[in-house]
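These notes concern the structure reproduced below.
Residue numbers (the working numbering), protein chains in the order written: chain A, 1 to 242; chain B, 243 to 484.
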């Protein structure tokens with residue numbers, strides 16, 4: 001019997017926002033795996049906390065690099081590909097030995113998640129099952145207290161790492177906006193929102209659904225402020241409402 | 243003591259994908275409210291099933307119209323506004339009497355949900371709390387077995403009710419696409435995808451995370467097929483992957 005690798009979405013941060021399915025899989029897990037930066041506990045592992053059984057075997061997958069090598073450098077792709085290949089081999093070996101593994105994923109596994117890099121390598125080798133989760137952006141718009149999109153609103157999800165011109169083009173054409181991976185890109189996101197005439201309607205949500213959640217109008221965020229990487233910027237749609 | 247109106251996201255359809263928080267609120271609910279078409283059980287009520295306590299007081303909010311009056315007709319907005327006003331008065335009265343009410347919401351309450359029309363009317367009158375849920379689109383891309391967006395992909399969420407030219411413009415400029423409210427608009431969505439050169443990569447997901455889930459390539463869906471209203475069309479992003 002071959003085991004299954006479960007990519008389990010844990011949602012945005014509040015343990016109570018995990019699905020019943022995620023909680024069941026965690027409770028019976030004998031192997032759990034998770035990504036983390038070197039020297040950190042890891043956000044997904046922190047989120048799972050004591051829901052991981054004390055006797056589960058833990059496999060920390062430590063990113064070999066984050067920002068030391070620029071994205072454009074061929075070494076970046078090569079190093080990461082080798083890293084994902086290694087993680088895949090380890091998880092496939094556990095499943096091949098007949099055991100299930102739960103891979104802890106923040107938010108939703110198939111929505112800009114690192115698990116996707118394991119998924120595409122694993123599916124040809126062992127059974128893989130994905131459990132969706134509440135994406136971080138849903139926690140962000142819930143925290144803002146205002147619905148994100150109405151009626152026929154077009155919602156665009158943008159990464160703060162995009163070129164400013166690309167950001168501006170999409171910010172001009174969509175009704176509602178979600179900008180992820182903001183962090184130290186906030187200055188560029190702000191500049192793009194200003195050029196698109198949307199800055200006055202933008203909100204900055206730090207640590208949505210977590211203890212240190214912070215909701216601020218962009219206009220009230222100092223130019224020099226560098227929010228956490230997973231900060232989300234929102235512009236709410238204003239579509240049809242009777 | 244004033245009660246609270248809870249807008250509770252129940253997720254995409256599979257009860258196991260409800261959050262722990264939603265399950266707790268349902269289990270202790272004394273009043274539940276939900277939208278439905280006249281003469282139907284209602285999707286949200288069906289989803290909650292026997293999780294609604296047998297002795298809870300149920301308030302079915304029946305849409306006064308669906309497609310009999312065109313959106314452009316002033317009667318449409320007027321009739322719906324009166325309907326939402328009436329529902330709001332009823333819910334505010336329950337909360338005013340010191341009792342909590344759980345409003346059952348499919349997917350996520352703040353993501354194109356009918357609850358938003360109650361929310362904006364209620365917030366000035368009684369305490370309102372929103373519990374996010376897994377949106378239907380996350381169940382759709384999970385069902386497709388392929389991640390929706392990678393790296394710097396731009397994801398646009400479009401309604402099948404939009405004009406064809408608007409659809410084409412966004413389909414050309416985004417990397418990943420989610421088209422909601424497809425149903426009898428599938429012919430227009432297909433035409434727009436073809437004009438944008440994206441039709442060959444599109445998938446049609448009917449009833450994601452439900453018993454009758456169906457995943458089909460758009461190319462294999464007959465021209466004459468009219469899928470359910472909540473069908474979702476996806477085009478997956480092809481962004482950076484080491």
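In this text, a Cβ means the ideal position worked out from N, Cα and C, and glycines have one as well. This one's a predicted model, so the numbers in the text were calculated from it and none came from an experiment.
{"Item": "On the DSSP letters alone, give me the boundaries of the beta strand (DSSP E) that residue 500 of chain B sits inside.", "Value": "Coverage of chain B is limited to positions 243 through 484, which leaves residue 500 of chain B absent and any answer about it impossible."}
{"Item": "With a threshold of 8 Å between beta-carbons, can residue 276 of chain A be considered close to chain B, or not?", "Value": "Residue numbering for chain A in the displayed model covers 1 to 242; residue 276 of chain A lies beyond these limits and cannot be assessed."}
{"Item": "By Cβ distance below 8 Å, which residues in the same chain neighbour residue 259 of chain B in space, the five residues on each side in sequence not counted?", "Value": "253, 376, 381 and 451"}
{"Item": "Whole angstroms are fine: how far does the CA of residue 126 of chain A sit from the CA of residue 322 of chain B?", "Value": "51 Å"}
{"Item": "Could you name the residues that DSSP lists as bridge partners for residue 144 of chain A?", "Value": "In DSSP, residue 144 of chain A forms no bridge with anything."}
{"Item": "Which residues in the same chain have their Cβ closer than 8 Å to the Cβ of residue 189 of chain A, if we skip the five residues on either side of it in sequence?", "Value": "160, 167, 179, 182 and 233"}
{"Item": "Can you give me the C-alpha to C-alpha distance between residue 295 of chain B and residue 273 of chain B, rounded to a whole angstrom?", "Value": "9 Å"}
{"Item": "What residues from chain B crowd round residue 241 of chain A, counting only those whose CB sits closer than 8 Å?", "Value": "358, 359 and 362"}
{"Item": "Answer with yes or no whether the minimum CB distance from residue 183 of chain A to chain B is below 8 Å.", "Value": "no"}
{"Item": "Hey, how far is the Cα of residue 301 of chain B from the Cα of residue 329 of chain B?", "Value": "9 Å"}
{"Item": "Kindly indicate the opening and closing residues of the beta strand (DSSP E) around residue 304 of chain B.", "Value": "299-304"}
{"Item": "Can you tell me the Cβ-Cβ gap for residue 35 of chain A and residue 64 of chain A, rounded? I've got them flagged as a contact below 8 Å.", "Value": "Not really, about 11 Å apart at Cβ, beyond 8 Å."}
{"Item": "How would you label residue 165 of chain A, buried or exposed, when you count the other beta carbons within 10 angstroms and need 16 or more for buried?", "Value": "exposed"}
{"Item": "Taking 8 Å as the CB-CB limit, is residue 289 of chain B close to chain A?", "Value": "no"}
{"Item": "Which partner residues of residue 475 of chain B appear in the DSSP bridge assignment?", "Value": "B:421 and B:446"}
{"Item": "Starting from the Cα of residue 266 of chain B, find the closest Cα among B:250, B:456, B:484 and B:434 and give me that residue.", "Value": "B:250"}
{"Item": "Is the shortest distance between the beta-carbon of residue 312 of chain B and the beta-carbons of chain A less than 8 Å?", "Value": "no"}
{"Item": "What are the residues in the region 402-418 of chain B lying within 8 Å of chain A by C-beta distance?", "Value": "403, 404, 408, 411, 412, 415 and 416"}
{"Item": "Just to confirm my understanding: we take residue 483 of chain B, look at its own chain, exclude 5 residues before and 5 after, and list those with CB closer than 6 Å. What are they?", "Value": "392"}
{"Item": "What residues from the region 138-163 of chain A come within 7 Å of chain B, judged by C-beta to C-beta, listed N to C?", "Value": "138, 139, 141, 142, 147, 148, 149, 150, 152, 154, 155, 156, 157, 158, 159, 161 and 162"}
{"Item": "Roughly how many whole angstroms lie between the Cα atoms of residue 434 of chain B and residue 237 of chain A?", "Value": "23 Å"}
{"Item": "So, helix, strand or coil for residue 217 of chain A, using DSSP?", "Value": "strand"}
{"Item": "Let me see if you follow: with CB-CB separation under 8 Å, is residue 103 of chain A close to chain B or not?", "Value": "no"}
{"Item": "Which residues, in chain order, does the region 11-33 of chain A contribute to contact with chain B at a C-beta distance below 8 Å?", "Value": "11, 12, 14, 15, 16, 17, 18, 19, 20, 21, 23 and 24"}
{"Item": "Closer than 8 Å, CB to CB, is residue 91 of chain A near chain B or not?", "Value": "no"}
{"Item": "Could you give the distance in angstroms between the alpha-carbon of residue 471 of chain B and the alpha-carbon of residue 171 of chain A?", "Value": "29 Å"}
{"Item": "Would you kindly check if the distance between the Cβ of residue 198 of chain A and the Cβ of residue 177 of chain A is under 8 Å?", "Value": "yes"}
{"Item": "Mark residue 38 of chain A as exposed unless 16 or more other C-beta atoms lie within 10 angstroms of its C-beta, in which case mark it buried.", "Value": "exposed"}
{"Item": "Find the residues of chain B that neighbour residue 130 of chain A, judging by a C-beta separation of less than 7 Å, and give them in chain order.", "Value": "384"}
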